[in-house]
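Student:
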Amino acid sequence: VGPLGLAARAPAAGARGRAPRPDAPPDERVVEVQALRAEMNQAAAASIRAQLLVGRLQMEDQRIAGVVRELEAVQDDLAANAQARTDAAAKLRTLEEAVLAATNDVREEAVKQLNAAKAAAQQVDRRLQALKRRESALAKELEEDQARWHDINARLENFEQSMTAGERGGPCPPGPPSL
224 VGPLGLAARA PAAGARGRAP RPDAPPDERV VEVQALRAEM NQAAAASIRA
274 QLLVGRLQME DQRIAGVVRE LEAVQDDLAA NAQARTDAAA KLRTLEEAVL
324 AATNDVREEA VKQLNAAKAA AQQVDRRLQA LKRRESALAK ELEEDQARWH
374 DINARLENFE QSMTAGERGG PCPPGPPSL
């Protein structure tokens, strides 16, 4: 049974044990009605708290899923860019050899191609560095979000345990002041 079900059942469990006697004096009935009202308020507050915790947990789940998707996309980009860097390095070596072996009439064109390939390789390197920084930031964000999720989940479990204890006659979680 989830926390919402426990919160809804808590006042009924307490109210069953204290039904007013039909022959009770009016003051005793008023006290009993006030006690029932206090239990209803406490149950309503518990229900709202449970709903808020569940909502926060769901939001954190969605946030984690989004960060994981983004992290996976960055890791895919990193793999593709690492391959592009390997290809660029191979092209640079080939062009450097071509420049060394070129005759004067084609050397100028080979040097232009080599300079363009160096600029492209530098651009790939900058992109790789940016992706690595983004990957690191996302990994940190994921770690923080998971810690927040665990905290909210622990609070929800504690709340559920306190509701279960209240149902068995143990201490109930504090509710709002009675009217």
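For the sequence shown, the positions run 224 to 402 when this note's numbering is used. Don't be surprised by glycine CBs; every beta carbon is placed ideally from N, CA and C.
How big is the Cα-Cα spacing for HIS373 and ASP348?
Tutor: Residue numbering aside, residue 373 sits at position 150 when the sequence shown is read from its first letter. Residue numbering aside, residue 348 sits at position 125 when the sequence shown is read from its first letter. C-alpha separation (whole angstroms): 37 Å.
Student: Restricting to Cα atoms, I'd like to know which of ALA388, LYS335, GLU320, GLN369 is closest to LEU280.
Tutor: Taking the first residue of the sequence shown as position 1, residue 280 is located at position 57. Of the candidates ALA388, LYS335, GLU320, GLN369, the one whose C-alpha sits nearest the C-alpha of LEU280 is GLN369.
Student: Using the beta-carbon count (16 or more within 10 Å), is MET282 buried or exposed?
Tutor: Position 59 of the sequence shown, counted from the first residue, corresponds to residue 282. Exposed, because fewer than 16 other Cβ atoms sit within 10 Å of the Cβ of MET282.
Student: Taking VAL277 and LEU379 to be in contact with their CB atoms under 8 Å, please state how far apart those CB atoms are, rounded to whole angstroms.
Tutor: Reading the sequence shown from its first residue, position 54 is the one you call residue 277. Reading the sequence shown from its first residue, position 156 is the one you call residue 379. About 7 Å; that satisfies the 8 Å criterion.
Student: Measuring alpha carbon to alpha carbon, tell me which residue in GLU366, ASN376, ALA311 is nearest ILE287.
Tutor: Counting from one through the sequence shown, the residue named residue 287 turns up at place 64. The shortest C-alpha separation from ILE287 is found at GLU366.
Student: Can you list, in chain order, the residues of its chain with a C-beta nearer than 8 Å to that of ASN376? Leave out the 5 residues immediately preceding and following it.
Tutor: Position 153 of the sequence shown, counted from the start, is the residue given in the question as residue 376. Cβ neighbours of ASN376 beyond the five flanking positions: LEU280.
Student: Once DSSP output is grouped into helix, strand and coil, what is the label at GLN246?
Tutor: Along the sequence shown, read from residue 1 onward, the residue named residue 246 stands at position 23. This sequence places Asp at residue 246; Gln is not what is there. Three-state DSSP puts ASP246 in coil, outside helix and strand.
Student: Tell me, please, whether the stretch 261-272 touches the stretch 309-322 by the rule of three or more beta-carbon pairs shorter than 8 Å.
Tutor: No: fewer than three Cβ pairs fall under 8 Å.
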